[in-house]
Structures are given as structure tokens and as C-alpha cells.
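Each number in this note's numbering corresponds to the 1-based position in the sequence shown with 1 added.
Idealized CB from N, CA, C, for every residue including glycine.
Reading through the C-alpha cells given below for one structure.
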Amino acid sequence: MCKVYKYSELYSTDFMSYFDNKKEVISDIELQSDEYSIDIDKIIAELGIEVIETYFDSHSGKYDADTKKMYVNILEPLPRQRFTKSHELGHFVLKHEGISEREQTPVANAKERAANQFAAELLMPQKLIIKAIDRMAIDYSMTWEELDTLNDEIIITYLAEKLNVSNPAMKYRLINLGVLSI
């Protein structure tokens, strides 16, 4: 029988506070113990944001705070689309006004970095990464110490596949958590 995790078990109280009055609903979303992929679409739906799948030539997505619409480039791989949705959701929960576009100003860059940080924490919470590493140890019949002897790319690829994110996203998250060094 699989254990069920609630999102409230994966995220800190501070992180959950980003969701304001929907915090309780999102806290109660469940993840089976054999699942590792955060349901970004369910979170977005709970927040009443409309997702419009479209085509972009030069970017992955955008969020319009005035209309509560998120635009996602469907030409990109699904793990990239998931990160884009999480990033654009970051603009929403961080209360960035207007339309999120790729401007090159210090304020715009700070907003983009904040949205990226939010997206990484949302899709790859530290507790879920630890759970996936536990699974990797079982799958590879290795201890955590033995996993340390593997090439970083093997670990990154395994975790990225489990959490349904891209390898670069997982690599940066592991670096930011201090698990990998540059």
C-alpha cells in the first residue's frame, strides 16, 4: 500500500503562504509515495488561472496579471512547459504586475530570478528530491554513499526524469541546494 503525501508535507509553511487564501486547498493536494511529479496544472486550476497553449518563436511563455492568463509555448518539451508554467505562476504569487515579458532592466531581471527560484522550489521541493534519491538508492541497490560515486549526470538525469523536469533545471536546483558544486 502506497503512502500518500500532502503537499503541506513537502513544502515549508513560508512557501505555502505564497498561495494566500488558497493555501489550505493546495496544501491538501496529494501525491502517492510512488509519484514524484508535482501537479502544476492542478495548482494553476485551483488558483483560477487560465492556461493558453500557443506558439512563440523566441520565448517559453508569459503571464498577464490583468487577465489572469498564462501563455505557454507548446512547441517546447513537456518538462520545459512545466517549468514555464511554474515560472509564470511565480509571477502571479509574487504579485508581479502587468505582463511578464523579457525586459533587460535590473527590476525585470530581479523579477525573473524570483520567478525562477519560485518555480524551482515548486517543482523540485527539497523533501521530494530526498524521496527520489531514496528511490534511486533502491533502484540501483546502492547506499547514498555509493550513489555519491556515480557521475553527476547519471544522478541529474534520474532525478529529472522522476520529477518530470529538464536536466538543466534539476542541475541548477541541486547546485542551489548545495548537493552539487559547480
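- The segment 158-166 and the segment 33-43 touch, with no fewer than 3 CB-CB distances between them shorter than 8 Å.
- Just so you know, the alpha carbons of ASP65 and ASP58 end up roughly 18 Å apart.
- For GLY62, the enclosing beta strand (DSSP E) covers residues 62-65.
- Inter-residue distance for LEU11 and VAL94 is about 18 Å (C-alpha atoms, whole angstroms).
- Under the DSSP definition of a beta bridge, THR55 partners with ASN74.
- Here THR85 has SER61, GLY62, VAL73 as same chain residues with Cβ atoms under 6 Å from its own Cβ, once five neighbours each way along the sequence are excluded.
- Note that the C-beta distance between LYS24 and LEU48 is not below 8 Å.
- Excluding residues up to 5 positions away in sequence, LEU11, TYR12 lie with their Cβ nearer than 7 Å to the Cβ of PRO126 in the same chain.
- By the criterion of a C-beta distance shorter than 6 Å, SER87 is surrounded in its chain by ILE41, ALA120, LEU123, LEU124, once the five residues flanking it on both sides are discounted.
- Between the alpha carbons of THR144 and GLN33 lies a gap of roughly 23 Å.
- In this structure, the alpha-carbon of ASN117 lies about 32 Å from that of GLU147.
- GLY91 counts as buried, since at least 16 other C-beta atoms from the protein chains shown sit within 10 angstroms of its C-beta.
- The C-beta of TYR56 has fewer than 16 other C-beta atoms within 10 Å across all chains shown, which makes the residue exposed.
- Comparing alpha carbon positions, the residue from LYS96, SER167, GLY179 closest to ASP21 is LYS96.
- Secondary structure at GLU113: helix, using DSSP grouped into helix, strand and coil.
- Between the beta-carbon of LYS70 and that of ILE53 there is about 6 Å, and that keeps the pair under the 8 Å contact cut.
- In the structure shown, the three-state DSSP call for LEU32 is strand.
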